[in-house]
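Residue numbers (our numbering): 3 to 185.
Virtual Cβ for every residue (Gly too), placed ideally from N, Cα, C.
Okay, structure first, notes after.
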């Protein structure tokens, strides 16, 4: 219960309103763009293949013949015939990705600055719109591309965050130099 009250207090704090506004706006735009996705090419092919294979046989077939990516292949088998659930799951992946990009910024930031934090959060939420249109269309706003590339990228951010946080906490290094190196 204490965690919930801390969240409410942080969410309604005046200083956090710009963060909530940016996050809500970017998430809403992302969700609408995901809803407007036209399913094509591989999405249709994967949907047709789910009739031929059960999930286990599908993963074995794909492992031996094409990609050997267990998570994306499983998600494609589950989502391709049911594309109506994809926009919501894609938006959740976007939200998690935006939060983790911002968490990485927190690891390397040199000094606490509200203005800089808001700009970094806006950049974290806008990372998808920093991609070229072709890359975003093929890897974020397409069922097959998002599952194979975007979602796996978000899972990568989650996987490497803790080791990076432990490393940065254990090291006494010049954070400003690291930040400049990444920019």
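Per-residue DSSP class, three states only, for residue i
{"i": "residue 2", "result": "There is no way to answer for residue 2, as the model of the chain reaches only from 3 to 185."}
{"i": "residue 142", "result": "coil"}
{"i": "residue 134", "result": "coil"}
{"i": "residue 128", "result": "coil"}
Distance between beta carbons of residue j and residue i, contact taken as under 8 Å
{"i": "residue 141", "j": "residue 92", "result": "Actually they do not touch by this definition, with Cβ atoms about 11 Å apart."}
{"i": "residue 109", "j": "residue 49", "result": "Not quite, the Cβ-Cβ distance comes to about 40 Å (not below 8 Å), so this is no contact."}
With 16 other Cβ atoms within 10 Å as the buried cut-off, status of residue i
{"i": "residue 102", "result": "buried"}
{"i": "residue 75", "result": "buried"}
{"i": "residue 156", "result": "buried"}
{"i": "residue 150", "result": "buried"}
{"i": "residue 67", "result": "exposed"}
{"i": "residue 145", "result": "buried"}
{"i": "residue 116", "result": "exposed"}
{"i": "residue 126", "result": "buried"}
{"i": "residue 6", "result": "Interpretation of residue 6 is limited by its pLDDT of 49, a score under 50 that renders its predicted location unreliable; the figure taken from the coordinates is listed afterwards. Exposed, by the Cβ-count rule."}
{"i": "residue 82", "result": "buried"}
{"i": "residue 123", "result": "buried"}
{"i": "residue 99", "result": "buried"}
Residue closest to residue i, alpha-carbon to alpha-carbon, out of the options
{"i": "residue 24", "options": "35, 121, 87, 74", "result": "121"}
{"i": "residue 77", "options": "67, 132, 88", "result": "88"}
{"i": "residue 132", "options": "61, 28, 20, 21", "result": "28"}
{"i": "residue 31", "options": "53, 40, 97", "result": "97"}
{"i": "residue 39", "options": "90, 57, 51, 52", "result": "90"}
{"i": "residue 153", "options": "166, 169, 130", "result": "130"}
{"i": "residue 37", "options": "138, 55, 86, 119", "result": "86"}
{"i": "residue 84", "options": "46, 18, 73, 162", "result": "46"}
{"i": "residue 35", "options": "80, 64, 107, 138", "result": "138"}
{"i": "residue 20", "options": "118, 107, 161", "result": "118"}
Minimum Cβ-Cβ distance from residue i to chain B less than 8 Å
{"i": "residue 123", "result": "Protein chain content of the structure displayed is limited to a single chain, and chain B is not contained in it."}
Contact test: residue i Cβ vs the ligand SAM heavy atom, cutoff 7 Å
{"i": "residue 100", "result": "What this structure holds is no ligand at all, so the ligand SAM is not there to describe."}
What are the uninterrupted segments assigned as beta strand (DSSP E) that are 3 or more residues long and contained completely in the region 71-126, given in chain order?
none
At which residue ranges does the region 7-64 contain complete alpha helix (DSSP H) runs of 4 or more residues, listed in the order of the chain?
19-37, 44-54
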